[in-house]
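Line by line, the protein sequences are chains A and B. Just so you know, the first sequence maps onto residues 8 to 205 in the numbering used here. Just so you know, the second sequence maps onto residues 32 to 124 in the numbering used here.
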Amino acid sequence: MFSKLLTKLIDQAIFPAILILTTRILSVILVSHYLDIRFSLDASGFAFANEADYVTVNSYSTFFMIAVLAVGLFYILLKSYVFHESHISPETTARVFSFKLPYFIQTSFDLYSQGTVWLSYSYLLTIVSGILSFYQFLFGWVFITSFVLSILSTVLLIFDIEHEIKIAKESNTQYELDENFDYLEKNEEPEKWISYIK
Amino acid sequence: MDKLYKIIANSLLLILFFGLLLLPIGSMGIMRLNKTKENNNNVLSTQDNRYIEIKLNKLRTELEEKDKRLIELEKLLYTIETKEATQAITGSR
Numbered sequence: 008m009f010s011k012l013l014t015k016l017i018d019q020a021i022f023p024a025i026l027i028l029t030t031r032i033l034s035v036i037l038v039s040h041y042l043d044i045r046f047s048l049d050a051s052g053f054a055f056a057n058e059a060d061y062v063t064v065n066s067y068s069t070f071f072m073i074a075v076l077a078v079g080l081f082y083i084l085l086k087s088y089v090f091h092e093s094h095i096s097p098e099t100t101a102r103v104f105s106f107k108l109p110y111f112i113q114t115s116f117d118l119y120s121q122g123t124v125w126l127s128y129s130y131l132l133t134i135v136s137g138i139l140s141f142y143q144f145l146f147g148w149v150f151i152t153s154f155v156l157s158i159l160s161t162v163l164l165i166f167d168i169e170h171e172i173k174i175a176k177e178s179n180t181q182y183e184l185d186e187n188f189d190y191l192e193k194n195e196e197p198e199k200w201i202s203y204i205k
Numbered sequence: 032m033d034k035l036y037k038i039i040a041n042s043l044l045l046i047l048f049f050g051l052l053l054l055p056i057g058s059m060g061i062m063r064l065n066k067t068k069e070n071n072n073n074v075l076s077t078q079d080n081r082y083i084e085i086k087l088n089k090l091r092t093e094l095e096e097k098d099k100r101l102i103e104l105e106k107l108l109y110t111i112e113t114k115e116a117t118q119a120i121t122g123s124r
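Structure, rendered in structure tokens:
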């Protein structure tokens, strides 16, 4: 009844959503405390007395969110390049199992669904930081950092997907279907086999 | 009917997924400016406070230097006055 892909995407989106939200709240409090910036907390959130303080806290807090996203994306890329089930080396597999970390080895479905979710967060953050930066509510370098992170991780993930497609093609060639019935015995009637396959 | 249930269930899942995606991005809106205070110009920013602190320290140093100079001048004046008084007493004798 439920789509397998959607269920998987929701499953993978819960953890980063909580992580980014927690990072945002904690970073606002910590940055304000570190820079000695006063704010008031009410039902609508953190209220700052002036624009300069608001921009400073907002920028550093967003930067922390980007840093958390960068760590997550780096972890996914590491898994997809080194611990990918389709092209992990036997030596690495043995080492991973000796360290009792078999969950490090993941399938393409797991890795790419994780990658899609984390990249979506990265792009959404880039769009929002771009808008905020345009209206001078955020330092420009925060937007540039977010943009560079998104592009770089996308490119790296695409490289891995291309590699994966190449592997899939190579493995498929070994099991090509005999569509023209070249390997059938000549005395047999092809129509009979066609109806049998269908 | 079964197909309809499937469509509804998957649509709900999709909405949930978009909600999860937008939740942390929506947290960007937890911060706001307290505009009433800003318009009255009653509250100074941290940068303003730091600037004022630096200026005050500078003024304090300048005042301390001037105080020292004043004390030196007073001492000098006292020495001159003492000297003049001594000379006047010596001259009258």
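For glycine and all other residues, C-beta sits at the position ideal for the given N, C-alpha and C. Nothing here was measured: the structure is a model prediction, and the numbers come from that model.
Taking DSSP's pairing of strands, which residues face residue i in a bridge?
i: Gly52 (chain A); result: A:Asp49
i: Met62 (chain B); result: A:Phe53
Could you check the C-alpha separation between residue i and residue j for me, to the nearest Å?
i: Val162 (chain A); j: Leu156 (chain A); result: 10 angstroms
i: Ser127 (chain A); j: Phe55 (chain A); result: 30 angstroms
i: Thr113 (chain B); j: Ile102 (chain B); result: 16 angstroms
i: Lys68 (chain B); j: Ile83 (chain B); result: With a pLDDT of 47 at Lys68 (chain B), under the threshold of 50, the predicted position of this residue should be treated as unreliable, though the coordinate-derived value follows. Spanning the two alpha carbons is a distance of roughly 20 angstroms.
i: Glu115 (chain B); j: Leu107 (chain B); result: 12 angstroms
i: Asn65 (chain B); j: Arg45 (chain A); result: 12 angstroms
i: Pro109 (chain A); j: Ile36 (chain A); result: 38 angstroms
i: Thr69 (chain A); j: Asp79 (chain B); result: 24 angstroms
i: Leu12 (chain A); j: Met72 (chain A); result: 26 angstroms
i: Val25 (chain A); j: Ile32 (chain A); result: The sequence given here places Ile at residue 25 (chain A); Val does not occur at that position. The alpha-carbon atoms of Ile25 (chain A) and Ile32 (chain A) are separated by roughly 11 angstroms.
i: Glu20 (chain B); j: Leu90 (chain B); result: A query on residue 20 (chain B) cannot be resolved here, the shown segment of chain B reaching from 32 to 124 and no further.
i: Ile165 (chain A); j: Ser115 (chain A); result: 13 angstroms
Taking CB distances under 8 angstroms as the criterion, tell me whether residue i reaches chain B.
i: Gly52 (chain A); result: yes
i: Ile177 (chain A); result: Looking at the sequence itself, residue 177 (chain A) is Glu, so the reference to Ile does not match. No, Glu177 (chain A) lies away from the interface with chain B (no Cβ there is under 8 angstroms from its Cβ).
i: Ser140 (chain A); result: no
i: Val64 (chain A); result: yes
i: Asp3 (chain A); result: Past the edges of chain A, shown from 8 to 205, lies residue 3 (chain A), and the structure says nothing about it.
i: Ser127 (chain A); result: yes
i: Val155 (chain A); result: no
i: Leu28 (chain A); result: yes
i: Glu58 (chain A); result: yes
i: Ser10 (chain A); result: yes
i: Thr14 (chain A); result: yes
Say whether chain A places a C-beta atom closer than 8 angstroms to the C-beta of residue i.
i: Tyr36 (chain B); result: yes
i: Ile46 (chain B); result: no
i: Asn41 (chain B); result: yes
i: Thr77 (chain B); result: yes
i: Glu69 (chain B); result: Confidence in Glu69 (chain B) is poor, its pLDDT being 47 and thus under 50, which makes the residue's placement too unreliable to answer from.
Residues of chain A with a CB under 8 angstroms from the CB of residue i: which are they?
i: Leu51 (chain B); result: Ile17, Ala20, Ile21 and Ala24
i: Thr92 (chain B); result: Within chain A, no residue comes near Thr92 (chain B); the closest Cβ sits about 23 angstroms away, beyond 8 angstroms.
Under 7 angstroms Cβ-Cβ, which residues of chain B neighbour residue i?
i: Asn187 (chain A); result: Ordered by position in chain B, no residue passes the 7 angstroms Cβ test against Asn187 (chain A), which lies about 38 angstroms from the chain.
i: Leu131 (chain A); result: Leu52 and Ile56
i: Val135 (chain A); result: Ile56 and Met59
i: Arg102 (chain A); result: Those do not exist, as Arg102 (chain A) stays about 35 angstroms from chain B at its closest Cβ, beyond 7 angstroms.
i: Tyr61 (chain A); result: Met62 and Leu64
Counting only Cβ pairs nearer than 9 angstroms, list the residues of chain B close to residue i.
i: Ser47 (chain A); result: Asn65
i: Glu92 (chain A); result: Near Glu92 (chain A) there are no residues of chain B at all, since even the closest Cβ is about 25 angstroms away, more than 9 angstroms.
Chain B partners of residue i, CB-CB under 8 angstroms?
i: Phe55 (chain A); result: Met62, Arg63, Leu64 and Asn65
i: Val35 (chain A); result: Ile61 and Met62
Is residue i close to chain E, meaning its C-beta is less than 8 angstroms from at least one C-beta of that chain?
i: Gln121 (chain A); result: The structure shown has no chain E; the protein chains it does contain are A and B.
(message) In chain order, what are the residue ranges of uninterrupted alpha helix (DSSP H) at least 4 long that sit wholly in the stretch 60–125 of chain A?
(response) 97–105
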